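**Q**
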Amino acid sequence: MIIGIPKEIKSHENRVSVTPGGVNELHKNGHTILVETQAGAASGFSDQDYQQAGAVIRQTAAAVWADAEMIVKVKEPIESEYSLARPGQTIFTYFHFASNQTLTQAMIDSHAICIAYETVELADRSLPLLIPMSEVAGRMAIQQGARYLEKPVMGRGILLGGVPGVPPGNVLILGAGIVGVQAAKMAAGLGAHVTIMDVNAQRLRHVNDILPPHVITMFSSEYNIRQILPLQDLVVGAVLIPGAKAPHLITRDMLPLMRPGSVVVDVAVDQGGCIETCKPTTHENPTFIVDGVVHYCVANMPGAVPYTSTLALTNCTLPYIIKLANKGWQQACNDHADLSKGLNIIHGQIAHREVANAFGLEYAGEYDFTLQA
Ligand SMILES: NC(=O)c1ccc[n+]([C@@H]2O[C@H](COP(=O)([O-])OP(=O)(O)OC[C@H]3O[C@@H](n4cnc5c(N)ncnc54)[C@H](O)[C@@H]3O)[C@@H](O)[C@H]2O)c1
Numbered sequence: 001m002i003i004g005i006p007k008e009i010k011s012h013e014n015r016v017s018v019t020p021g022g023v024n025e026l027h028k029n030g031h032t033i034l035v036e037t038q039a040g041a042a043s044g045f046s047d048q049d050y051q052q053a054g055a056v057i058r059q060t061a062a063a064v065w066a067d068a069e070m071i072v073k074v075k076e077p078i079e080s081e082y083s084l085a086r087p088g089q090t091i092f093t094y095f096h097f098a099s100n101q102t103l104t105q106a107m108i109d110s111h112a113i114c115i116a117y118e119t120v121e122l123a124d125r126s127l128p129l130l131i132p133m134s135e136v137a138g139r140m141a142i143q144q145g146a147r148y149l150e151k152p153v154m155g156r157g158i159l160l161g162g163v164p165g166v167p168p169g170n171v172l173i174l175g176a177g178i179v180g181v182q183a184a185k186m187a188a189g190l191g192a193h194v195t196i197m198d199v200n201a202q203r204l205r206h207v208n209d210i211l212p213p214h215v216i217t218m219f220s221s222e223y224n225i226r227q228i229l230p231l232q233d234l235v236v237g238a239v240l241i242p243g244a245k246a247p248h249l250i251t252r253d254m255l256p257l258m259r260p261g262s263v264v265v266d267v268a269v270d271q272g273g274c275i276e277t278c279k280p281t282t283h284e285n286p287t288f289i290v291d292g293v294v295h296y297c298v299a300n301m302p303g304a305v306p307y308t309s310t311l312a313l314t315n316c317t318l319p320y321i322i323k324l325a326n327k328g329w330q331q332a333c334n335d336h337a338d339l340s341k342g343l344n345i346i347h348g349q350i351a352h353r354e355v356a357n358a359f360g361l362e363y364a365g366e367y368d369f370t371l372q373a
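The opening residue of the sequence shown carries number 1 in the working numbering; numbering runs sequentially from there.
1. State the DSSP-derived secondary structure class of V199, mapped to helix, strand or coil.
2. What do you reckon, are the CB atoms on G155 and V294 nearer than 9 Å?
3. State the Cα-Cα distance for the pair A373 and A351, rounded to the nearest angstrom.
4. Report whether the distance from the Cβ of A68 to the nearest heavy atom of ligand 1 is below 8 Å.
5. Let me know the secondary structure DSSP gives M140 once reduced to three states.
6. Return yes when the C-beta of D270 is under 8 Å from any heavy atom of ligand 1, and no when it is not.
7. So, under 8 Å CB-CB, V235 and L172 are touching, yes? Tell me the CB distance rounded to an integer number of Å.
8. Quick check on K185: buried or exposed, where buried means 16 or more other Cβ atoms within 10 Å of its Cβ?
9. May I ask you to report which of helix, strand or coil DSSP gives Y363?
10. Can you grab the Cα-Cα spacing for the pair A364 / R353, in whole Å?
11. Which residue's Cα is closest to the Cα of Y148: N285, V239, P6 and E8?
12. Can you name, in chain order, every residue of its own chain whose Cβ lies under 7 Å from the Cβ of T277, other than the five neighbours on each side?
13. Identify, in the order they occur along the chain, each residue of the same chain with its Cβ nearer than 6 Å to the Cβ of H111, setting aside the five sequence neighbours on each side.
14. Ends of the alpha helix (DSSP H) at T281?
15. Taking C-beta to C-beta, are N300 and M1 nearer than 9 Å?
16. What do you reckon, are the CB atoms on P6 and W65 nearer than 9 Å?
17. Could you check where the alpha helix (DSSP H) with G189 kicks off and where it finishes?
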């Protein structure tokens with residue numbers, strides 16, 4: 001198969017969809033890989049790295065899209081890319097269709113086969129191509145929180161780990177899912193006092209089993225949050241209710257309970273945030289202050305560490321890319337139920353119920369693999 005890897009052109013996107021290591025694997029499987037020049041530059045991979053792994057470098061995005069039978073990207077196509085998609089071409093990337101009607105219509109019109117990373121789903125209902133970015137964001141939350149506790153950036157002037165004779169800082173993590181557990185692990189590693197809350201007792205048992213004893217688990221309730229909030233130096237928002245806006249666990253009136261210079265990092269800001277005073281920020285302007293509390297609410301945290309994020313993402317996407325390349329999308333999706341959940345739009349028809357519902361469009365039903373498209 002001819003596989004195309006265009007350079008990401010969405011603002012501030014520095015990741016690339018396949019690493020030179022991934023190209024090497026695809027090449028060994030007998031495929032031709034077209035890489036747009038400089039596609040990997042922001043992630044630390046040169047054109048020469050790709051060529052040595054077996055790729056052919058193309059000078060423009062159009063030259064990649066024109067010949068590729070499958071395009072592998074990171075972010076959804078943006079407007080200038082819509083017209084490059086071709087009927088029957090497979091496009092494998094994050095799409096997030098339900099939040100973008102223009103994109104949805106453009107991909108319907110293109111008659112391409114759109115397989116979305118974010119809806120690939122394992123039998124246990126976990127989302128294997130979202131997990132790596134949550135892992136990155138969870139670990140980064142503590143790194144950023146520790147930084148913004150420093151005085152020159154308006155923090156309290158606290159070293160999270162303390163020093164001999166000086167107690168460490170207090171960290172409260174709301175949500176014990178992927179983001180929360182990774183944040184707890186990092187904070188505990190620094191020596192901070194960590195409290196992690198969830199409404200799911202199973203998650204709290206899991207945390208209790210795997211993290212050190214100085215990580216305290218606590219049931220999440222307004223009462224418990226109000227009790228311990230005044231002592232916290234750093235609060236991480238890591239709550240998710242699938243398909244819904246995040247609940248506001250720290251409301252506007254609770255903020256004055258925190259000391260000036262404390263920090264909140266609301267990772268859940270992409271779902272509305274679980275701290276009421278949060279609103280999305282960017283890497284250029286990551287923080288703002290309300291009632292003396294520093295708010296960090298970057299909606300695309302992994303974008304700041306493209307090298308790590310690219311490797312984390314491609315470790316998980318590559319096995320699926322190889323299946324799609326070796327078998328073609330129909331056979332690959334027929335053989336692998338997790339991958340078939342990623343099918344969103346097929347030859348102009350919506351094959352994912354939530355996407356159709358989001359815009360009141362016709363849902364064509366799950367793809368019938370007995371039919372040859
Ligand atoms: N900002 C970013 O760059 C970025 C990156 C990755 C993920 N995220 C977001 O981070 C959030 C968390 O993602 P995740 O992968 O950890 O989700 P997850 O499903 O693994 O974990 C969410 C946890 O929240 C818990 N929860 C639900 N209601 C709660 C409540 N009232 N109190 C406490 N806990 C509650 C759930 O039981 C679950 O354990 C999501 O909104 C995700 O989109 C943001």
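Cβ atoms here follow ideal geometry from the backbone N, Cα and C, with glycine treated the same way. Everything numeric in this text was worked out from a predicted model, so none of it was measured.
**A** Reading off the structure:
1. The answer is coil: DSSP assigns V199 none of H, G, I, E or B.
2. yes
3. Its pLDDT being 48, under 50, A373 is placed unreliably in this model, and the coordinates cannot settle the point.
4. No.
5. Of the three classes helix, strand and coil, the one that applies to M140 here is helix, per DSSP.
6. yes
7. 5 Å
8. Around the beta carbon of K185, a 10 Å sphere encloses 16 or more other beta carbons of the protein chains shown; the residue is thus reported as buried.
9. strand
10. 8 Å
11. N285
12. R252, L255, V290 and H295
13. P87, H347 and G348
14. It is not in any alpha helix (DSSP H) - T281 carries neither H nor E in the DSSP assignment.
15. In this structure, M1 does not lie closer than 9 Å to N300 by Cβ.
16. Yes, the pair counts as a contact, with Cβ atoms nearer than the cut-off.
17. I178 to L190
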